[in-house]
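Trainee:
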Amino acid sequence: MLGKDTNSAHGFNKIIQLHDHILMLIFDQLNHCSLNKRIDSRLNLIA
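Quick note on my numbering: the sequence shown kicks off at 92 and runs consecutively.
1) Would you report the Cα separation of R133 and L121, rounded to the nearest angstrom?
2) Measure the C-alpha to C-alpha separation of I137 and F103 and round it to an integer number of angstroms.
3) To the nearest angstrom, how far is it from the Cα of I113 to the Cα of K128?
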């Protein structure tokens, strides 16, 4: 019984880690997009 509990907790931690990784990837993409928009607007100001 106890072994089962620690096993499910381990699986839950893995899911949380995966979730955090996906969130980080999404935020990274959002930051990248906003950075590109900022660069575009600067280029438009120059042009």
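Glycine included, each C-beta is placed from N, C-alpha and C at the ideal position.
Mentor: The relevant details are as follows:
1) 18 angstroms
2) 51 angstroms
3) 23 angstroms
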